Every structure is written in C-alpha cells, then in structure tokens.
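Asker:
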Amino acid sequence: MVVPNSKAPDAVVVNDLAKTFVVPRERSHTLKERALHPLGRRHADQLDALSGVSFNVAAGEFCGIVGRNGSGKSTLLKCLAGIYRADRGTIHVRGRMSAFIELGVGFNPDLAARDNIIANGILLGLTASQARQRVDAVIAFAELEEFADLKLKNYSSGMHVRLAFSVMIQVDADILLIDEVLAVGDASFQQKCFDVFNDLRDRGKTILLVTHDMGSVERFCHRAILLERGEVVAAGDPHEVATRYLDINFKRDEPTVAQPQERGGSGEARAEEIWVEDALGEHKTALQQGERCVARVRVKVTQAVEDPSFAIAFVNEQHQNHFVAATALEQERTGRFEAGEELIFSVEFDNRLGPGRYHLSFQMAQRGGGEDIIDRWERVTSVVVVSSRSAGGLVDLPCDMSIARVARGRSSVVETLS
Amino acid sequence: MSVVERVVPAQLPPAREVKGPTALAGSFSRFVHLTWTLAVQDFKLRFFGSILGYLWQLMRPLMLFGVLYVVFTQAIRIGAGIEYFAPTLLMNIVLYTFFGDATGGAVRSVVERENLVRKIHFPRLVVPGAVVLTAMFNLALNLFAVAIFVFASGVPVRLSWLMLPLLIMALVVFATGIAMLLSALYVRLRDVGPIWEVIMQVLFYGTPIIYVIELVHVEWLQQLMMMNPLGAILQQVRHTVIDPGAPSAAEAIGGAPYLLIPAGIVLGLFALGYWVFSREAPRIAEDL
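Residue numbers (our numbering), protein chains in the order written: chain A, 1493 to 1910; chain B, 32 to 319.
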C-alpha cells in the first residue's frame, strides 16, 4: 500500500476507518410506535459499511477508488467529505477539500442559473465575493452564455449537468473527492470533462475518484484502491486493480448452464467437465482480455477409440461460433485411447475475444471427416471476457498502428510519424 | 501502467483531521455566509411568480388582525375600553407570526433539506438558522406596517422605543433555541411536528395576544402567563412602544426578580437547543 516514488507528502491519510450503520427492520418514527413497541429498537441489523480501512494518498496523486455496489466506497467518500462521522479511525487531510457526491446538489429550479451558481459556490465553501467573481467563468465553461438568466427548471437535463459540472470545477480546492459524475453529458462535453481531469491532475491537485468505470481508472489514475466488503483488498497500479476488480465482480457470476443442453454422439467417450483457467492454472469464470488462458475438457473413455478429433468452441451470445479450436485440421493422429482411460484436452490461447459472455461447446469425433460424432456437448458452461481497453470490436487482435505522411504528387512514404 | 508524471504541489498546509459533520463545522463566518445566502434565496423564492409578491406576506397578519379587531371591538368588545387596542393587537400578531414562522418552519427544515444534508458538508445549524433569518426578514417588513398603524393611532414617539430591538433580539434568541431543538428532534421523532402545532395553538390563546393582561383577573394566571417568555416579551413591547400606561412585564409578573424565570427559560432553551442539535448533527445525514 506504499506509494511508489512517494517523495510527496500525503494529502490524505486514512487510518483504520470503520463505519457501521444500524438498519432498523421496522423504523419507529413516532411516539406511539415507540410506546407500543418499547423493545422495537432491538430489531435492527448492523451493517458494517467500512471495517478498518487504511490508505494514504500523496499530494498531487489521482487516486481511483473502485469496488462493487455496496463495497463501501460511497460511505468512504462521505466520511472523507465529512458528511458521515466515522465510528472508529481517523482521517487527516492537508489542504482545502471539496466533495462532489452528486452533481447539482442544492440547485433550485426556480432560480436563474446565475443565482444558482452563486448559491452553490457558497454552499461548496466559497465566500460570497469569490462566488460572484466566478459566475462568468462557470457559465462560459458550461457554454450556457445565452441561458444564464433562464430559470433552471427550463433547462434541459444536459444543460443542467453541464452547469453543475462547471460549478464543481470552479471551486478551487487542493483535494477533490468525486463520485461517479463522469457518466454525464454528451460525448463532446464528456471529453471536456476528461480534459478537465487531466488539467486538474497536471496542476497538482489531489483527486479521489470513486467510479465503476475501469476505463477511466486506467486512463487517469496514478493509483487505485479496491474496496470489497468494507475493506481495502488491493491498492496500487490502476491496471492491476482494475483487473482485480473485474475478477471479483464476475466471481459471483455463476456460470450459467445454457439450455438446451444438447448431448449427442455415439458415446465411446464422454466429456465430464469443461472449464477455463488463467495462466496460473486457476479456474475462472471471467477472463481478462489479452491474457493467456486455457480451456480444458476432461474426457472419460468407455470404449477404445483411435485418433479421435477434439474441438472446443466459444459461442457468443448471438449463437455464433466465435472461436473454434479443432484438432482435425492440425493434428490428425491424436493417439489411441483405451477404455477406462481419462484424458484432458486443452486449448491454450491468447485471449483476443471481445468483451462479453461466451458459452463453451465441446465435440469429439472419430477420425475422418468429423461426421461420426462420439460426444457432442453444447453450451456447457460460460465465461465472461472483461476488458477495460476494448474499442468495441468482436475481437481485439494485436496490431501495430502508424500514421505516415504521403508527399504531394508522389505515392511513396516519405516520413513516418510515430 | 500509468505513464503520467505526477505534479507535486509546492506547499501544503498542515494536516487537519476530518471529524464529520457538526453544528457549526468549525467556521462561524461560513455559517453566517451560508445562512444569509439560504435565507435570501428562500425569501426571494417565496414571492416568486406572485403578482402581489411581498404584500401576501403582509396580508396574513393583517387579515387576522382585521377579523379579530372587528370581533373584539364590535362583537365581544373586550378591546373596547383599552387604549391603543388596534396597534397592540397588530404588534402582537406580527410578533407571534414571526415566532410561529421561525419555529414551525424550522421543525421540518432539516428533513426538507435532506438532499443538501446528505451530500454536502456544511455547518448543519445553517438549516434552522436560515429559517429563523427568513422569518426575521418578514418580521422587519411587517414591522413597517405596524409602524404605520402605530403612527396612525396617534401613539407618541418615545425614547423607550430604543428598547424594541433588544426585546426583538430576546424573541429571536427564544425562537432560535426552539428551532434548533425541534429541527434536531424531528429527524428521529416525527411526532414533533403535530405536537408543536398544538403548542403553538395553546400559546396563541394562552398568551395575551388577542386580549390584554389586565383582563386576566386571576393573579396566579397572570403571573403564569408572564413566565412564558413570549408573554413577557410581548407585554414589555406593549409597555415600552405602544402604551406606557400598560403594566410592564415586571409589574405583571409581580416583581422584577420574577423576570429571571422567563429569561432563564429563553437562555435555557437556547442552550438545550444548541446542545441537542450539536449532539444530533453528526448523525443527521444517516438518520434521515
């Protein structure tokens, strides 16, 4: 958990932070209910949102906080922001801190944008004169000059969000706490937000970003922290943390047994199990794109077979064979297997599949054209391919990209830009 | 891998601890700023979209005054023999309206501002504070109307009018104490709403507002009414501003030392309100 190259002092130090919520099963809000059920308060569940979280964020660091829903990341942010009081542990910060739990909190629909900007600025910690000075900059950033005096209730939701984001970034704090506000606005405004994040980072602001989007974690963060059930389970390199997050996120995702589960073939041998492993040999239901992995089938032979062919197919959700590995084309002589033998057929490959769910099918056939099927087991199990860097293709093949300038009037490459 | 260089800021202020929300959040000036901003915003919004705007705010106490005045001078005639009954009645109604606006508005204020409380770190006391301040704005404007009535009724200008701001301050302190207490309690106990409404009704009839203290011929009851801070303040306002002939609060309660009781109640409720609010403030965001 130690920051690499941590010459910078820590801007945020969180030590052993714990927060428990008491969630009453039946909330007694009135005197009558309390009088009738004096013991009612005992029917409460304890919810440990945070149990002993410790981490440091160095000044100038862009730190991502990731975790599944209910992992405690929002509670952590609210404790950091001073909205919740922690039950145990300490938080120390150096510098002015501003928290953005939600965009546009405290906006009043009946007031004009201008008035809202001032009110919101003061709410976020500016003085009245500072807030007034910044109004024009906020409106300019939001590109809402024509609508500055329009009441907020007449704004479109996109305009609303733009205004809120602009207010947020005009509050100059040394430490910014931001809760998933990225997924807002149209594409061009989103780009603008990204530019702002880069800019804030380059200006040496310390930023804690709570998000689900592993893409932005890898894109912006120097470091990331993964929360799971109120504890820090990983901290460090954004890519590793993102990978770990995707891992955890899909772990609970039981492989769905697809139906109809067709089983066919003459039955000299039967596949008993199909699974996928990562490079370390661990069974996986989620695969990271770009990593080496192995699909394996365990087959029990009941009658001797000679040179059977094996095939494993990854079937995508459109029921297409997305990727098929078959021995028939490569290796005709697979050997003779006696009755009672058990064998394992493995397909090792670099996972270039696009993100999504894939079902695995297995087929074993007699030597020859593959018509005499011994065992066919379709859509047995499934794996999810996760990626934080896919551009959206069905496959992500490794490739080199370059741009070359072609000199006018000629067709030969004169200069390669890299 | 991230390839971006980290920019290290030149200097950092010393570390401070984040302790969670409190009533004042450490900064009194921010509390004042924010209370002022919210109160002004509320005040503006109240008249938004209405043609008569502020006049409506004035209308409420004036209408009540008009009805009561007619009833008590023509029908029941309890105000008939009393000097300056009209300005006294109006003044009482305006002050009571302020008290009701400030306390009644504060009860639900924290819950109504739930969105802010749960998402922004700011001094929690701002919320009931802004309600009281908005009520003060209204009071200031309503007092103009009272002033017109006072002059029109031929009440002479006196040096003792300088006491008025002090008495109003006492009323504000009283209202603020109750506002803090109720708004904090309401978060966990929603009964506070109706309970306070009943108490306000009791106070309206149990305080010499629509009648005068001289009409209460039972001595202990008179004293009891003056022990209620609202009663003592209204009585003193009447004595110093409108009619020096009317008994002062000290006279009505049976001696100046007894005034320590309403004064003690005001200060006690303020302290209690602040204590309860401060105690609840850290957890308000969770209990909502």
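Note that the Cβ used here is the ideal one computed from N, Cα and C, for glycine as well. Values in this document were obtained by computation on a predicted structure and should not be read as measured data.
Between B:P159 and B:A137, which are expected to be in contact by the criterion C-beta below 8 Å, what is the C-beta distance as a whole number of angstroms?
Answerer: That belief holds up - the Cβ atoms of B:P159 and B:A137 are roughly 4 Å apart, short of 8 Å.
Asker: Can you tell me where the alpha helix (DSSP H) with B:N173 in it begins and where it stops?
Answerer: Element bounds for B:N173: 157–183.
Asker: Is the Cβ-Cβ distance between A:V1506 and A:V1545 less than 8 Å?
Answerer: Yes; because the gap between Cβ atoms is below 8 Å, this pair is in contact.
Asker: Between the Cα of A:R1580 and those of A:A1591, A:C1555, A:P1601, A:L1542, spot the shortest distance and give me the residue it belongs to.
Answerer: The option with the nearest alpha carbon to A:R1580 is A:L1542.
Asker: Give the range of the beta strand (DSSP E) segment to which A:E1764 is assigned.
Answerer: Where A:E1764 is concerned, the enclosing beta strand (DSSP E) stretches over 1761–1770.
Asker: Buried or exposed: where does B:Y236 fall if 16 or more other Cβ atoms within 10 Å of its Cβ makes it buried?
Answerer: With fewer than 16 other Cβ atoms within 10 Å, it is exposed.
Asker: Got a sec, what are the start and stop residues for the beta strand (DSSP E) A:C1713 sits in?
Answerer: Per DSSP, A:C1713 belongs to no beta strand (DSSP E) and is neither H nor E.
Asker: Under the assumption that A:V1709 contacts A:P1730 (Cβ atoms under 8 Å), give the Cβ distance between them as a whole number of angstroms.
Answerer: So it is a contact: roughly 5 Å between Cβ atoms.
Asker: Tell me whether the beta-carbon of A:I1865 lies closer than 8 Å to the beta-carbon of A:G1756.
Answerer: A contact, by the Cβ cut-off of 8 Å.
Asker: Would you list, in sequence order, the uninterrupted alpha helix (DSSP H) runs of no fewer than 4 residues that lie entirely inside the segment 254–296 of chain B?
Answerer: As far as the segment 254–296 of chain B is concerned, its whole alpha helix (DSSP H) runs of at least 4 residues are 260–268, 280–284.
Asker: How would you write the range of the beta strand (DSSP E) that A:C1555 sits in, first residue to last?
Answerer: First-last of the beta strand (DSSP E) with A:C1555: 1554–1559.
Asker: With 16 as the cutoff for other CB atoms within 10 Å, does A:H1851 come out buried or exposed?
Answerer: Under this definition A:H1851 is a buried residue.
Asker: One question on the structure: do B:R149 and A:I1575 come within less than 8 Å of each other, judged by their Cβ atoms?
Answerer: Their beta carbons are under 8 Å apart, which means B:R149 touches A:I1575 by this criterion.
Asker: Taking beta-carbon pairs under 9 Å, can you tell me which members of the segment 1576–1588 of chain A lie near chain B?
Answerer: For the segment 1576–1588 of chain A, which is checked against every Cβ of chain B, the residues closer than 9 Å are Y1576, R1577, A1578, T1582, I1583, H1584, V1585, R1586, G1587, R1588.
Asker: From which residue to which residue does the beta strand (DSSP E) around A:T1873 run?
Answerer: Residues 1865–1878.
Asker: Using beta carbons (cut-off 8 Å, strictly below), is B:F153 in contact with chain A?
Answerer: Yes, contact with chain A.
Asker: Taking the straight line between their C-alpha atoms, what separation do you get for A:A1591 and B:F175?
Answerer: Whole-angstrom Cα-Cα distance: 43 Å.
Asker: Given that a residue counts as buried once 16 or more other Cβ atoms are within 10 Å of its Cβ, and exposed if not, what is A:L1821?
Answerer: The residue in question, A:L1821, is exposed, as its Cβ has fewer than 16 Cβ neighbours within 10 Å.
Asker: Any chance the segment 1876–1890 of chain A sits against the segment 1774–1791 of chain A, with 3 or more Cβ pairs inside 8 Å?
Answerer: Taking 8 Å as the limit for Cβ pairs, the verdict is that the segment 1774–1791 of chain A does touch the segment 1876–1890 of chain A.
Asker: For B:T165, decide whether its Cβ has a neighbour in chain A, counting only Cβ atoms nearer than 8 Å.
Answerer: No, no contact with chain A.
Asker: Apart from the five residues just before and just after B:V307, which ones in its own chain have a Cβ nearer than 8 Å to its Cβ?
Answerer: Same-chain partners within the cutoff: M211, L212, A215, L216.
Asker: Taking the CB atoms as reference points, tell me whether A:V1688 and A:I1609 lie closer together than 8 Å.
Answerer: Their beta carbons are not under 8 Å apart, which means A:V1688 does not touch A:I1609 by this criterion.
Asker: Any idea what DSSP makes of A:A1750, helix, strand or coil?
Answerer: Here the model assigns A:A1750 a pLDDT of 48, short of 50, so the residue's position is not dependable, and the following value carries that caveat. It is coil, neither helix nor strand.
Asker: Under a CB-based cut-off of 8 Å, is B:R77 close to chain A?
Answerer: No - not a single Cβ of chain A is within 8 Å of the one on B:R77.
Asker: Can you give the beta carbon distance from B:L320 to B:V268, rounded, assuming they're within the 8 Å contact cut?
Answerer: Since the first residue shown for chain B is 32 and the last is 319, residue 320 of chain B is missing from the structure and cannot be characterised.
Asker: By DSSP, does A:G1564 sit in helix, in strand, or in coil?
Answerer: In the structure shown, A:G1564 sits in coil (DSSP, three-state: anything other than H, G, I, E or B).
Asker: Mark A:H1775 as exposed unless 16 or more other C-beta atoms lie within 10 angstroms of its C-beta, in which case mark it buried.
Answerer: Exposed is the call here.
Asker: So which residues of chain B does A:I1614 contact, with C-beta pairs closer than 8 Å?
Answerer: Here the neighbours are H64, L65, T68.
Asker: How would you list, in chain order, the residues of chain A whose beta-carbon sits under 8 Å from the beta-carbon of B:G51?
Answerer: Under the 8 Å cutoff, chain A gives C1571, G1574, I1575, Y1576, R1577, A1578.
Asker: Any chance the segment 140–148 of chain B sits against the segment 175–193 of chain B, with 3 or more Cβ pairs inside 8 Å?
Answerer: They do not touch, by the three-pair rule.
Asker: Nearest to B:D132 by CA position, among B:K75, B:I292, B:I273, B:V163, is which residue?
Answerer: Of B:K75, B:I292, B:I273, B:V163, the residue nearest in Cα terms is B:V163.
Asker: Please confirm whether A:P1890 has its beta-carbon closer than 8 Å to some beta-carbon of chain B.
Answerer: Closer than 8 Å: no.
Asker: How about B:L69 and B:G208: do their beta carbons lie closer than 8 Å?
Answerer: The answer is no: Cβ separation not under 8 Å.
Asker: Would A:A1750 count as contacting chain B if we go by Cβ distances under 8 Å?
Answerer: Because the pLDDT of A:A1750 is 48, which lies under 50, any placement of that residue in the model is unreliable, and the number read from its coordinates should be weighed accordingly. Output row for A:A1750: interface = no.
Asker: Measuring only between beta-carbons, confirm whether B:A46 sits less than 8 Å from chain A.
Answerer: At least one chain A Cβ lies under 8 Å of B:A46.
Asker: Can you grab the Cα-Cα spacing for the pair A:A1803 / A:P1890, in whole Å?
Answerer: Spanning the two alpha carbons is a distance of roughly 24 Å.
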